[in-house]
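For reference, the structure is listed below as structure tokens.
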């Protein structure tokens with residue numbers, strides 16, 4: 003590396019999803035070294051978590067992966083409810099699964115659109131966001147807000163799903179697969195798209211495991227591992243779905259795995275609508291005035307499958323009303339750490355497309 | 193009878209030389225108005241078309257159907273503060289947008305437009321080598337882009353300029369070879385084939401039918417010249433921010449923007465002139481200009497469709513494509529044109 | 540066999556192995572040879588000592604265990620030689636808790652800029668003192684207590 007140019011990509015850059023900053027050493031068009039610099043969105047949610055009551059922490063988890071807030075809530079509540087010994091009623095668990103899967107679709111749609119933009123495709127972005135908007139409408143109807151939902155709460159969900167909302171979800175689920183096929187064909191039937199993704203940024207199985215990569219990226223590298231199957235939480239053991247796996251490990255594999263995951267999510271939502279039991283949606287032990295007085299003792303670690311990968315929450319309680327230590331295993335943080343190795347000796351264009359294929363959400367990387 | 197002579201007749205009372213002088217000035221003014229209006233119309237059509245493709249509405253606030261939106265945008269760009277980098281090469285930095293725009297305007301000046309109604313021929317430049325002049329004029333535009341990239345002293349801009357050079361070198365050679373094969377074929381039909389107007393008017397069948405490979409190569413080259421999405425390597429917004437125009441703002445950026453849209457329109461006109469028969473057709477002495485505009489507009493819409501549906505090709509792949517696919521195709525086309533020429537002569 | 544101080548269970552029934560920090564690398568090597576991979580590194584500040592918690596999992600056996608070690612002088616051996624997954628996690632824990640991982644190839648702050656005073660996840664961290672961030676000409680962040688000197 004005799005001569006190189008150092009170029010700074012980000013934090014303000016059209017394709018650095020959020021505030022990623024890359025210090026790139028370039029030899030002409032070839033990337034010789036990438037150093038990700040993160041922390042521009044750092045709020046130290048872990049410290050904030052220690053200063054808040056258990057029930058207040060939810061909003062900080064909403065703001066971690068802000069495009070998949072429901073999954074973040076599921077992750078936190080899995081840990082908090084175990085620590086606080088709160089049972090979740092059956093109906094609330096099914097609602098949570100339904101919402102988490104809807105949000106997984108929304109999150110993957112955002113990724114799909116942004117990935118197209120990274121490669122220079124303008125149009126699919128709007129098709130993706132049109133579909134996502136339908137999901138956000140459902141969320142608005144259910145919880146009252148679009149992105150930072152704060153819908154679930156300790157012991158259940160904030161309010162019950164009405165029949166009207168269920169009808170809307172049914173309509174969405176009926177129409178979405180057709181739209182998804184349309185969106186997918188916008189990508190995969192394009193030769194230039196294939197040439198930009200096939201064989202680019204190959205992540206081998208060993209490397210993925212070594213770097214702690216999880217989620218669709220791991221599954222695109224040929225490891226059939228999904229926390230929803232491996233250690234089912236909520237009612238994932240009662241629904242029937244498959245784990246899409248690809249053995250290629252390149253950008254195209256990640257694309258296809260995510261598209262297929264959306265189809266599986268549709269399948270799960272369909273089943274949750276059919277099997278949604280009647281009953282209370284909230285545990286009376288954790289109702290509003292009592293909620294802040296919940297005390298937890300001991301330590302728990304809950305793993306959930308967020309759209310980006312394995313989202314883990316490690317809570318330590320010291321018997322007081324606030325957690326002693328909150329630790330979050332952020333999947334995108336781990337997935338991003340593999341970028342320098344993947345992008346080495348690639349071209350600038352590939353650096354961008356590999357970065358796009360990771361599915362970065364900076365609220366979660368920086369926490 | 194052409195537009196220059198008609199204007200000269202109109203100003204005849206001022207005397208011989210003064211009337212020609214005034215005629216030239218007014219011709220240029222009319223022409224500039226035509227270019228600017230056609231660019232504004234193009235950008236308006238583009239925005240509406242893009243909006244329709246992307247499930248949006250597009251401009252609809254300023255004026256009826258948003259027709260005045262582009263004028264509002266232009267006024268905004270003119271009124272904006274032009275932020276200029278401190279470490280620039282001043283003259284080159286300021287000249288670059290004008291070079292691009294002048295290259296575009298000169299390109300528009302040289303191409304033949306055919307005849308329209310009683311005015312007669314609208315062609316402005318009458319030269320026996322206007323084809324060569326035309327290619328010379330549009331070769332000015334990359335110079336402006338490279339100057340812009342290097343003079344702004346920005347790393348993104350320099351990368352953009354390098355990419356632009358790599359791109360230009362790899363598509364201009366096949367483009368010129370396919371133009372040569374046109375001239376070769378036309379030389380059997382007329383004695384002044386380097387005259388753009390004769391080259392077009394002697395197309396008994398559109399050359400695109402005789403030389404489909406040449407049409408393909410030339411169309412790709414024109415897409416690459418106007419650098420929109422599959423080949424917008426030099427200004428790829430998701431990789432190198434905005435390429436050579438990163439450090440430009442205000443009306444200087446506006447000139448680059450107009451240069452881009454203008455070269456789409458210019459490229460479409462040239463492709464329709466060279467390969468699709470241009471202004472030839474029934475009653476072409478009255479409606480030739482209309483034929484040309486319609487053909488050009490259809491090509492513009494096809495260009496927009498390509499623009500909006502394609503991801504960006506990688507720079508090394510484009511260079512491979514240029515040298516390993518376009519160049520052989522254009523040489524095959526040249527040989528094919530040779531066969532045709534001999535066939536026509538015999 | 541590595542000396543294990545104690546084996547216990549967490550509240551949600553995961554196996555916890557406590558080990559002295561001298562034996563940590565040895566134990567992790569053994570776990571790695573059994574097919575375990577590192578998932579998460581956490582450091583918890585218990586005021587008088589710091590507990591470093593490693594979450595390791597085995598995909599084949601579908602097993603998830605926790606390894607804990609304690610340190611009183613903030614020094615813990617780094618696991619970067621075993622798993623690359625430890626790299627950024629250890630940098631983060633160094634940044635936020637102040638554990639020094641011996642043998643880490645690039646132990647710099649990750650989220651906070653170099654020069655930040657204190658480690659925010661320590662229990663004795665003073666939250667009332669604001670620090671302001673700025674960037675110098677070479678693109679490196681730095682920190683100042685002066686409100687005018689940064690943002």
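Residue numbers (my numbering), protein chains in the order written: chain V, 3 to 369; chain W, 193 to 538; chain X, 540 to 690. For every residue, glycine included, the Cβ atom is placed at its ideal position computed from N, Cα and C. Quick caveat: nothing in here was measured; it's all calculated off a predicted structure.
I want to see whether chain X comes within less than 7 Å of residue 84(V), judged by CB atoms only; does it?
Stepping through the first chain from its first residue, residue 84(V) is reached at position 82. So, interface residue.
Along chain W, in chain order, which residues have C-beta atoms closer than 7 Å to that of residue 261(V)?
Numbered from its first residue, the first chain carries residue 261(V) at position 259. Chain W residues near residue 261(V): none, gap ~16 Å exceeds 7 Å.
For the beta strand (DSSP E) containing residue 450(W), list its first residue and its last residue.
For this step, residue 450(W) is matched to residue 258 along the second chain. Run containing residue 450(W): none in the beta strand (DSSP E); it sits in the alpha helix (DSSP H), 442-466.
In whole angstroms, what separates the C-alpha of residue 653(X) from that of residue 600(X)?
Your numbering for residue 653(X) matches position 114 in the third chain. Your numbering for residue 600(X) matches position 61 in the third chain. Their backbone Cα atoms lie some 41 Å apart in a straight line.
Checking contacts by CB at 7 Å: is residue 549(X) closer than that to chain V?
Locating residue 549(X) in the third chain gives position 10, counting from the first residue. By this cut-off, residue 549(X) is an interface position.
At 4 residues or longer, what runs of the alpha helix (DSSP H) sit wholly inside the stretch 190-257 of chain V?
193-199, 207-212, 218-222, 229-232
Own chain, CB closer than 7 Å to residue 213(V), minus 5 neighbours either side, in chain order
Within the first chain, residue 213(V) is the residue found at index 211, counting from 1. 336, 339, 340, listed in sequence order.
Report the option in 135(V), 141(V), 257(V) whose CA atom is closest to the CA atom of residue 2(V).
Outside the modelled stretch of chain V, which goes from 3 to 369, sits residue 2(V), for which no answer is possible.
Could you tell me the boundaries of the beta strand (DSSP E) in which residue 580(X) lies?
Taking the first residue of the third chain as position 1, residue 580(X) is located at position 41. From DSSP, the beta strand (DSSP E) with residue 580(X) extends over 575-584.
Show which residues of chain X have a CB atom less than 8 Å away from the CB atom of residue 64(V).
Along the first chain, read from residue 1 onward, the residue named residue 64(V) stands at position 62. Result: empty, since nearest Cβ-Cβ is about 20 Å, beyond 8 Å.
What distance in whole Å lies between the Cβ atoms of residue 457(W) and residue 234(W), which are believed to be in contact at a cut-off of 8 Å?
Here residue 234(W) refers to the residue found at position 42 of the second chain. Here residue 457(W) refers to the residue found at position 265 of the second chain. Going by Cβ atoms, the distance from residue 234(W) to residue 457(W) rounds to 5 Å, so yes, they are a contact pair.
Unbroken alpha helix (DSSP H) run spanning residue 608(X), endpoints:
In the third chain, residue 608(X) corresponds to position 69, counting from 1. That residue, residue 608(X), is in no alpha helix (DSSP H); its beta strand (DSSP E) goes 602-610.
Assign residue 7(V) to one of three DSSP states: helix, strand, or coil.
As a position in the first chain, residue 7(V) is number 5, starting the count at 1. Correct three-state label for residue 7(V): strand.
Just to confirm, are residue 658(X) and residue 619(X) a CB contact at a threshold of 7 Å?
Counted from its first residue, the third chain places residue 658(X) at position 119. Counted from its first residue, the third chain places residue 619(X) at position 80. At least 7 Å separates the beta-carbon of residue 658(X) from that of residue 619(X).
Between residue 307(V) and residue 230(V), which are expected to be in contact by the criterion C-beta below 8 Å, what is the C-beta distance as a whole number of angstroms?
As a working note, residue 307(V) is residue 305 in the first chain. As a working note, residue 230(V) is residue 228 in the first chain. 5 Å between Cβ atoms; contact.
Beta carbon of residue 316(V) nearer than 7 Å to that of residue 329(V):
Working through the first chain from its first residue, we reach residue 316(V) at position 314. Working through the first chain from its first residue, we reach residue 329(V) at position 327. For residue 316(V) and residue 329(V), yes; Cβs fall inside 7 Å.
Rounded straight-line distance, which links the Cα of residue 286(W) to that of residue 202(W)
As a working mapping, residue 202(W) is identified with position 10 in the second chain. As a working mapping, residue 286(W) is identified with position 94 in the second chain. If you take the alpha carbons of residue 202(W) and residue 286(W), they lie about 39 Å apart.
Helix or strand or just coil, what does DSSP make of residue 131(V)?
One-based indexing of the first chain puts residue 131(V) at position 129. Three-state DSSP puts residue 131(V) in a helix.
Give the single residue among 584(X), 542(X), 598(X) whose Cα lies nearest to the Cα of residue 612(X).
Taking the first residue of the third chain as 1, we reach residue 612(X) at position 73. Among 584(X), 542(X), 598(X), the Cα nearest to that of residue 612(X) belongs to 584(X).
Burial state of residue 346(W) (16 or more Cβ within 10 Å):
Looking up residue 346(W) in the second chain gives position 154. Looking at its Cβ environment, which holds 16 or more other Cβ atoms inside 10 Å, residue 346(W) is buried.
Which same chain residues end up closer than 7 Å to residue 31(V) when comparing Cβ atoms and leaving out the 5 residues on each side of it in sequence?
Taking the first residue of the first chain as position 1, residue 31(V) is located at position 29. Cβ within range, chain order: 349, 350.
Beta strand (DSSP E) segment containing residue 594(X), residue limits:
Stepping through the third chain from its first residue, residue 594(X) is reached at position 55. Taken as a continuous stretch (DSSP letters only), the beta strand (DSSP E) holding residue 594(X) covers 589-597.
How is residue 159(V) classed by DSSP in three states: helix, strand or coil?
Locating residue 159(V) in the first chain gives position 157, counting from the first residue. It is a strand residue.
I'd like the list of long-range same chain contacts for residue 220(V), defined as Cβ closer than 8 Å, with 5 residues on each side in sequence excluded.
Looking up residue 220(V) in the first chain gives position 218. Answer for residue 220(V): 210, 211, 227, 311, listed in chain order.
Proximity test, Cβ basis, 7 Å: residue 657(X) and chain V:
Taking the first residue of the third chain as 1, we reach residue 657(X) at position 118. False, the Cβ-Cβ gap to chain V never drops below 7 Å.
Considering just the uninterrupted stretch of the beta strand (DSSP E) at residue 569(X), what are its terminal residues?
Counted from its first residue, the third chain places residue 569(X) at position 30. Looking at the DSSP string, residue 569(X) is not in any beta strand (DSSP E); the run it does join, the alpha helix (DSSP H), is 563-572.
Segment contact flag, the stretch 200-207 of chain V with the stretch 173-192 of chain V, C-beta cutoff 8 Å, min 3 pairs:
Taking 8 Å as the limit for Cβ pairs, the verdict is that the stretch 173-192 of chain V does not touch the stretch 200-207 of chain V.
Identify, in the order they occur along the chain, each residue of the same chain with its Cβ nearer than 6 Å to the Cβ of residue 3(V), setting aside the five sequence neighbours on each side.
Taking the first chain and counting its residues from 1, the one referred to as residue 3(V) is at position 1. Confidence is the limiting factor: at residue 3(V) the pLDDT is only 45, short of 50, which leaves the residue's position unreliable and the question unanswerable from this model.
Spatially closest choice to residue 288(V) from 347(V), 48(V), 56(V), by CA coordinates
To locate residue 288(V), count along the first chain from 1; it is residue 286. Of 347(V), 48(V), 56(V), the residue nearest in Cα terms is 56(V).
Establish whether the CB of residue 3(V) and some CB of chain X are separated by less than 7 Å.
As a working mapping, residue 3(V) is identified with position 1 in the first chain. The predicted model places residue 3(V) with a pLDDT of 45, which falls under 50 and marks its position as unreliable, so this point remains unresolved.
Inter-residue CB distance, residue 415(W) and residue 498(W) (contact presumed, cutoff 8 Å):
For the purposes of this step, residue 415(W) is identified with residue 223 of the second chain, where counting begins at 1. For the purposes of this step, residue 498(W) is identified with residue 306 of the second chain, where counting begins at 1. With 8 Å as the limit, residue 415(W) and residue 498(W) qualify as a contact, their Cβ atoms being about 7 Å apart.
Given that residue 505(W) touches chain V, what residues does it touch there, using C-beta distances under 8 Å?
Residue mapping note: residue 505(W) aligns to position 313 of the second chain, counting from 1. Chain V residues near residue 505(W): 194, 197, 198.
Return yes when the Cβ of residue 44(V) is within less than 7 Å of the Cβ of residue 640(X), no when it is not.
The residue you call residue 640(X) lines up with position 101 of the third chain. The residue you call residue 44(V) lines up with position 42 of the first chain. Against a cut-off of 7 Å, the Cβ pair of residue 44(V) and residue 640(X) comes out as no contact.
Let's test the definition: count the other Cβ atoms within 10 Å of the Cβ of residue 261(W) and tell me whether it reaches 16, buried, or not, exposed.
On the second chain, residue 261(W) is found 69 positions in, with the first residue counted as 1. Counting Cβ neighbours within 10 Å, residue 261(W) comes out buried, since at least 16 surround it.
Alpha carbon to alpha carbon, what distance is there between residue 63(V) and residue 285(V)?
The count along the first chain starts at 1 and reaches residue 285(V) at position 283. The count along the first chain starts at 1 and reaches residue 63(V) at position 61. Approximately 21 Å, taken between the alpha carbons.
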